[in-house]
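Participant:
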Amino acid sequence: MQTNNFNIKGLTNEEVLAARTKYGYNKLEAKKEYPFLDAIKSLVKEPMVILLLVASSIYFISGNIGDGIFLTAATVLVAAISLYQDSRSRNALEKLKTFSEPKCKVIRNGETEEIKSELLVVGDSLILEEGGTIAADGIIVHSNDFSVNESILTGESLSVYKDKTKEDHQVYQGTLVSGGLAIVTVTAIGSETQLGKIGKSLEGIQKEKTPLELQINNFVKKMAIIGAVVFIIVWGINFYHSHNILDSLLKALTLAMSILPEEIPVAFATFMAMGAWRLMKLGVIVKQIKTVETLGSATVICTDKTGTITENKMSLARLYTLSSNKIFKIEDSFGVAEKELIRISMWASEPIPFDAMEIALHAAYKNTSEIDERSQFQLVHEYPLGGKPPMMTHVFENKQGKRIIAAKGAPEALMAISNLSTLEKEQINNAIKIITSEGYRVLGVAETHFEGNDYPEKQQDFPFHFKGIVAFYDPPKKNIASVFEDFNLAGIKVKIITGDNALTTKAIAKEIGFKGYEKSITGDELMQLNATELQQKVADTTIFTRMFPQAKLKIINALKANNEIVAMTGDGVNDGPALKAAHIGIAMGKKGTEIAKQAASLILLEDDLSKMVDAIAMGRRIYANLKKAIQYIISIHIPIILTVFIPLALGWEFPNIFYPVHIIFLELIMGPTCSIIYENEPIEKNSMLQKPRPFTVTFFNGKELATSIVQGLIITLGVLIVYQYGIQNGYSEALTRSMVFTTLISANIFLTLVNRSFYYSVLTTLKYKNKLVPLIIGITIVITVSLLFITPFANFFTFETLNLFQLLISVGTGFLAVIWYEAVKWYKRKKAQ
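In our numbering, the protein residues as written are -2 to 830.
1) So, helix, strand or coil for Arg371, using DSSP?
2) Less than 8 Å separating the beta-carbons of Gly623 and Ala314?
3) In three-state terms, what does DSSP make of Ala646?
4) What are the residues that DSSP puts in a beta bridge with Gly441?
5) Distance check for Tyr437 and Ile5, CA to CA, integer angstroms please.
6) From Gln708 to Thr749, what distance separates their C-alpha atoms?
7) Under the three-state reduction of DSSP, which class applies to Gly384: helix, strand or coil?
8) Hey, Asn823 and Ser758 are a contact pair by Cβ (cut 8 Å); roughly how many whole angstroms apart?
9) With Arg17 as the anchor, note down where its beta strand (DSSP E) starts and where it stops.
10) From the DSSP output, in three-state form, read off Gln317 for me.
11) For Val183 versus Val119, is the C-beta spacing smaller than 8 Å?
12) In whole angstroms, give me the CA-to-CA distance for Ser320 and Glu367.
13) I'd like the list of long-range same chain contacts for Tyr470, defined as Cβ closer than 6 Å, with 5 residues on each side in sequence excluded.
14) Taking the beta carbon of Ile186 as the centre, do at least 16 other beta carbons fall within 10 Å, making it buried, or is it exposed?
15) Residue range of the alpha helix (DSSP H) that Tyr722 falls in?
16) State buried or exposed for Ile633, treating a residue as buried only when at least 16 other CB atoms are found within 10 Å of its CB.
17) Return the residue from the list Lys594, Asp329 and Gly582 that minimises the CA-CA distance to Thr566.
18) What does the alpha-carbon distance come out to for the pair Lys310 and Val333?
19) In chain order, what residues of the same chain have a beta carbon less than 8 Å from the beta carbon of Pro472, not counting five sequence neighbours either side?
20) DSSP three-state label for Ile816, please.
21) For Asp134, which beta-bridge partners are listed by DSSP?
22) Would you list the one or two residues that DSSP bridges to Val491?
23) Use the C-beta contact count for Ile637: other C-beta atoms within 10 angstroms, 16 or more gives buried, fewer gives exposed.
24) For Gln803, I'd like the list of residues in its chain whose CB is within less than 7 Å of its CB, leaving aside the five on either flank, ordered along the chain.
25) Using 8 Å as the cut-off, can you tell me whether the segment 120 to 128 makes contact with the segment 101 to 111, which would need three or more C-beta pairs spanning the two stretches below that distance?
26) Please list, in chain order, all residues of the same chain as Met831 whose beta carbon is under 7 Å from its beta carbon, the five residues on each side excluded.
27) Determine the extent of the beta strand (DSSP E) in which Tyr158 is found, giving its start and end residues.
28) Which same chain residues, not among the five before or five after Gly201, have their C-beta less than 6 Å away from its C-beta?
29) Using the Cβ count rule (16 or more neighbours within 10 Å means buried), how would you classify Lys825?
30) With DSSP as the reference, label Ala584 as helix, strand or coil.
31) Check this for me: beta carbons of Ile429 and Ala478, under 8 Å apart or not?
32) Could you check if Met615 is buried or exposed, using at least 16 other CB atoms within 10 Å of its CB as the buried criterion?
33) For Thr713, which residues of its own chain have a beta-carbon under 7 Å away from its beta-carbon, when the five flanking residues on both sides are left out?
34) With a 10 Å radius around its C-beta and 16 neighbouring C-beta atoms as the bar for buried, classify Tyr833 as buried or exposed.
35) Pairs of beta-carbons, one from the segment 604 to 615 and one from the segment 276 to 287, closer than 8 Å: are there three or more?
36) If you draw a straight line from the alpha carbon of His378 to that of Glu347, how long is it in whole angstroms?
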C-alpha cells in the first residue's frame, strides 16, 4: 500500500519555492550571535592580554619604544592564536550541527521524500510516524490511531489522541508522536509556530559546566589569586630596592605573566571540540560535548540485539500452524493453512512497512497470494505496539464493509488472550522452544472478528483465535564477535538488553561466542527484585530478555548505583528513558527514531557498534592527551616562575634575569605545544588494554600532579645551576641570561618529547606519527637560534652570543633535567611485566 493511496499529492516544486519565498525557512530565529565579536570581547577580558597591554603601556610611558612595540605585536599574536583556536573549535562544532540536523518525510509531487526539517514550507504534506518529532505546526488530514505527547508545550506527560474529526485536530512543532501514523498540512513554520513564539524564554538558559571544566576553572582561578599575591610582593621588593614605580611594576608583571596558566582552559576547549570533530569523521555524532570526556570512562555497554548485534535483515524462515501442529521451512511447499497464516501476519503489519520483519511479511504475502488485496483495504483502526509482553492489532476494511482484524506480537501475549486448551498451549510452547533454540525470532499471529465501530479500549479485550507462529532469521553481524572481544580487552562489560525471548537471544549469543550467555533474566522477573537484589542481579547477569521501558530504566539505574559508567544503545521510542538516564546514550543513525536521537548524547551514523570501540578509544586518547598537555603546562610553568622569583627573593647578582619580552616568548612556545602538538598525538598502543579510568579521577590526582611538580622542580634546579655557573665564571648579565634562556628552551623541547608518554620510552614515542612534532620543535629551534646569533635580535632581547661550550652546557643541562624521567618509565614497564 503506497502513500498515494491516501489521495494526497502534496505541493509541486514550484509551490514549494513560492511558499519558501513568502514564509522563509523552518528555523527558530534565535538571538543573533556574533561569534567573532564575542571571541574578541572574551579575549580582552583575559588576564594575560591585560598584563601584556599594561606592560607595553609602561614601556611606551618610560620611553622604551622598541620593547613597547614588541609587546604590542606579541599581544596581537597571542590574540590571533587565541582567535584561531576559538575559530577552529567553533568550526568543528558547526560541522557537527549540520550532521545532526533533524529530517522529516513529506509528500511532494505525489511522491514521499525525506528532507531536512528546515526545508519544510507552509502547505507541505508532512508524514508523522511513531517515534518522530513533529517538525512544524499543522492540521491533520489523515490519521490511524494517532497520539501525541505534548508535554514540551503543556507540561502534561500523558499522550493525547488526535484525529481530523475531533475538535483538537492540530499538531505542534517540537511535540512527539507516541503512536500511529498521520499526515498533516503544515500551517506554520519557524518562529510562527507555538514553540517558536515561546522560544525567547529559552535564550536566557545557561549551559552547565562539566565537573572537569569546573575543576580546570577553579585551578586557573587559584593560580590567578596566587599570581596576584606574588605580584604585589615582588612589586614591593623591587620598589624597596629601586624606588622606581614603573620599573618595579614592570618586573612584577613579568612574574605575574609567568604564573598565569591561561593555556589550560584554551587546551580544554580545543581538545573537546576537536575530539567531537574527530569522532564525527569516524561516523559518531556527538550531541553533547561533555560526552567526549566521559567516553574513556565507560565500564559497561548495554546493547540491543536486533540491528545492533544482528544485521536487522529479517528473512522469514519458519512457520508453525496450530491447526497442523507442524513446523515448516520457508522452502517447503505451503498448504492453505500456511498461506493463511502469512496473510493474517501481513494484515497485522503496518500498511507501509518500515520494520524489517514487516517488510519480510509483505514480501512473503506477495509471493504466496494469488490475489493481492492490499489496494482494496484501508486501515480504519489501529492498536499500536503495547502491553507486557507486547502485541499490536490492525483493523482493515474494504468498500463492501468486509473487515480483517489481525494481531501479532510475543506468542505468550497472544496465547494469554486466546481461547486455547491445555494441549494446544503445550503444543505451541514446544514449537516455540524448538524454533527459538535455533536462533530464530518468533511472533505469534492471531485473528478475530468484530461488528460495529465501538471498538474495545484495549486490544487485549478482543476474543482472539491463535493461528500460529512466524519465525525470522536475523544473522549476526560479521564483525560483532571481534567488537565484543575489543570491549572485553578494554575492560568494558557488555550486557544484551532485548525485547526478544530468552531462547532466541541465547542462541544468537552462543553463535557469536558471547561470554556469560547462560545467565539471563526477563523484564517481569527483574521488576520483582528489591533494590539490593537488583544491583546484585545486574552485576551478575549478561542477557536481559522481554524487556520493556521501565525494566530497561531500572537496569541502567541499578548499574549506576553499582558505580558503573553506563553506555546504552537504543533506537525506539521505548528506549528514550534509558538512553537519557545512561551516562552515554547511543542512538542509531539509520533505524533510530527521532525520540531516541533526542534522548541520546551520541548518534552512530551507520548503526555499527564497532564505531563505539573507536569512540571509546578516541575518548581515551583525548583524555590522555589532555592530561599530557596540562601536566606539561604545570611542569614548564614551575621553572619559569621560580627562575623569575628565586634570584629576586634571595638577592642574587642578577635579580631580574627575565623581562616581559622573554616571558611572552616562552608563552608563545608553550601555547602551540600543548594545544597543537598534544591534541594531535595518536592513541598509545596500551590504551585499549587498560581498565576504564574511574569517572571521578582527573589529571589533578596526587600522583600525577606530584610527577608534574617534580619534573618542574628538577628543570628549575638545572636552570638555576646554569644561572649560578654563569655568575661563578664572571659572565655578564646578558651572557648568563642567554645560557639560562637556552637551558629553559632546551628543557621545554625535551619535556615535550619525554611527556608524549608517561609509560613508553622516548625512543618508542619518536616513532609515533605526529607531523606537528618536528614542525613545532623545528620552528622553536630556528627562532631561538635567530635570537641568540643574529645580532639585532640578540640586542633587542639583551642576549649575548654563546660559544660552543656554553651552548653545550645549556642544552646538556636542559636534556639532563628532563631525561631522568625515562628511568622512571623504564621501572614502570619492568614492574608491569
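C-beta atoms are modelled at their ideal positions from N, C-alpha and C, and glycine is treated no differently.
No experiment lies behind these values; they were computed from the predicted model shown.
Facilitator: According to the structure data:
1) Here Arg371 sits in helix by DSSP.
2) It should be pointed out that residue 623 corresponds to Leu in this sequence rather than to Gly. Pairing Leu623 with Ala314 gives a Cβ-Cβ distance that is not under 8 Å.
3) helix
4) Gly406 and Ile466
5) 39 Å
6) 12 Å
7) It is coil, neither helix nor strand.
8) Strictly speaking, residue 823 in this sequence is Trp, with Asn absent from that position. So it is a contact: roughly 7 Å between Cβ atoms.
9) Segment Asn10 to Tyr20 is the alpha helix (DSSP H) holding Arg17; no beta strand (DSSP E) there.
10) With the sequence shown as reference, residue 317 is identified as Tyr, and Gln is not the correct amino acid for it. In the structure shown, Tyr317 sits in a strand (DSSP, three-state: E or B).
11) yes
12) The C-alpha of Ser320 lies about 22 Å from the C-alpha of Glu367.
13) Ser312, Ala314 and Tyr437
14) buried
15) Segment Gly699 to Gln725, the alpha helix (DSSP H) holding Tyr722.
16) It counts as buried.
17) Nearest C-alpha to Thr566: Gly582.
18) 27 Å
19) Thr307, Glu308 and Lys310
20) helix
21) Ala185
22) Ile298
23) Ile637 comes out buried.
24) Met736.
25) yes
26) This structure leaves residue 831 out entirely; the chain is present only between -2 and 830.
27) Val157 to Lys159
28) Only weak support exists for where Gly201 lies, its pLDDT of 42 falling under 50; the coordinates are left without a value.
29) exposed
30) strand
31) no
32) buried
33) Ile635, Pro636, Leu639 and Thr640
34) Because residue 833 is not part of the residues shown, which for the chain are -2 to 830, the question remains open.
35) Below 8 Å, enough C-beta pairs join the segment 604 to 615 and the segment 276 to 287 to call them touching: three or more.
36) 11 Å
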